[in-house]
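Under numbering that gives the first Met the number 0, the first residue of the sequence shown is numbered 0, with each subsequent residue one higher. For every residue, glycine included, the Cβ atom is placed at its ideal position computed from N, Cα and C. Remember, predicted model here, so these are calculated numbers, not experimental data.
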Amino acid sequence: MRRLAWVPVIAFFLVGCQSGDPASSGGANPQVSKKTQEAEKPETDEATKIALLIGKRPPITVAYPDPQKIFESFRDPKYSGSEYDDLPPTFKFPYRARSWETAKMGFGEILYDGTLVAALYQDDKITQDQVDEMVNAHKEQVGGLLPDIVGGKRVTYWFWEIDKQRLMICAYRTEKKGTKLTIAMGDDKVLDALGISPQLARKNIGRIDAVTVQETFLNHPKESPHG
């Protein structure tokens, strides 16, 4: 299954709709709202305030001067993967998108007239300690600004917003396969069009929790979710 097929992110990866989870096998239907808006022109002339940090790679920022360098840092020929260039359905030219996906991770970026305006990274299996490290690292690079946290039974979102730019970290705790991580950074108009916003997260958190209850019942039928 394409991990970065650019469907609304909160409605797809962040509820665990990946192979191996009951939510993707037809058992539990998340029915998460997919309402998004058409992408407007980004505010790329704003000074960069937020960066996406992934390991030893260069910090990824809005209007990054060399998006190809960032993309190539993820497109490692040592690993089997696939490259795609399909645009999200709410985006039109002069937007352009590209992504690199392996069995375990994915990286995607969206350009506007050749300028990087959004980036998204996903990792299928990390530890809680790694999640904590990611959250603390991003908190430090925005000067200690406290995030807007949206939490449920198995999913937690952290959002930061500075001068029309947004950063999101999401940790989805699966029952058997550890934690799935998504980090997204970009112009707030672009992320709105991708369905990445604290407002949409809050709107959907109850439905995500409902999926968690259904998954528990499916995996442990003798343990009724209603007691």
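Buried or exposed for residue i, please, with buried defined as at least 16 other CB atoms from any protein chain shown within 10 angstroms of its CB.
{"i": "residue 78", "result": "exposed"}
{"i": "residue 76", "result": "exposed"}
{"i": "residue 127", "result": "exposed"}
{"i": "residue 176", "result": "exposed"}
{"i": "residue 193", "result": "buried"}
{"i": "residue 48", "result": "buried"}
{"i": "residue 195", "result": "buried"}
{"i": "residue 113", "result": "exposed"}
{"i": "residue 122", "result": "buried"}
{"i": "residue 100", "result": "buried"}
{"i": "residue 136", "result": "exposed"}
{"i": "residue 164", "result": "buried"}
{"i": "residue 200", "result": "buried"}
{"i": "residue 81", "result": "exposed"}
{"i": "residue 29", "result": "Interpretation of residue 29 is limited by its pLDDT of 34, a score under 50 that renders its predicted location unreliable; no figure is taken from the coordinates."}
{"i": "residue 160", "result": "buried"}
{"i": "residue 84", "result": "exposed"}
{"i": "residue 53", "result": "buried"}
{"i": "residue 31", "result": "Its pLDDT being 38, under 50, residue 31 is placed unreliably by the model, and nothing is read from it."}
{"i": "residue 191", "result": "buried"}
{"i": "residue 148", "result": "exposed"}
May I ask you to list the residues that DSSP assigns as paired with residue i?
{"i": "residue 180", "result": "122 and 170"}
{"i": "residue 149", "result": "156"}
{"i": "residue 51", "result": "59"}
Tell me the residue span of the alpha helix (DSSP H) that contains residue i.
{"i": "residue 162", "result": "Note, residue 162: premise wrong, no alpha helix (DSSP H); not H, not E."}
{"i": "residue 141", "result": "From DSSP, residue 141 is part of no alpha helix (DSSP H); its letter is neither H nor E."}
{"i": "residue 38", "result": "Element bounds for residue 38: n/a, residue is neither H nor E."}
{"i": "residue 190", "result": "187-192"}
Between residue i and the ligand MN, is there a pair consisting of the residue's CB and a ligand heavy atom that are separated by less than 7 Å?
{"i": "residue 104", "result": "This structure simply doesn't include the ligand MN, nor any ligand for that matter."}
Self-check item: Three or more C-beta pairs below 8 Å linking the stretch 55-66 and the stretch 108-127
Solution: With a cut-off of 8 Å, the stretch 108-127 and the stretch 55-66 count as touching, because enough Cβ pairs lie within range.
Practice problem: Please specify which runs of the alpha helix (DSSP H), each continuous and at least 4 residues long, are wholly inside the stretch 53-128, giving them in chain order. | Solution: Runs found: 66-73.
Exercise. Check whether the stretch 164-176 touches the stretch 93-107, counting contact only when three or more Cβ pairs, one atom from each stretch, lie closer than 8 Å.
Key: no
Exercise. Check whether the stretch 172-189 touches the stretch 120-139, counting contact only when three or more Cβ pairs, one atom from each stretch, lie closer than 8 Å.
Key: yes
Practice problem: Check whether the stretch 181-201 touches the stretch 55-64, counting contact only when three or more Cβ pairs, one atom from each stretch, lie closer than 8 Å. | Solution: yes
Quiz item: Are there three or more Cβ pairs, one per stretch, closer than 8 Å when the stretch 138-153 is compared with the stretch 86-94?
Solution: no
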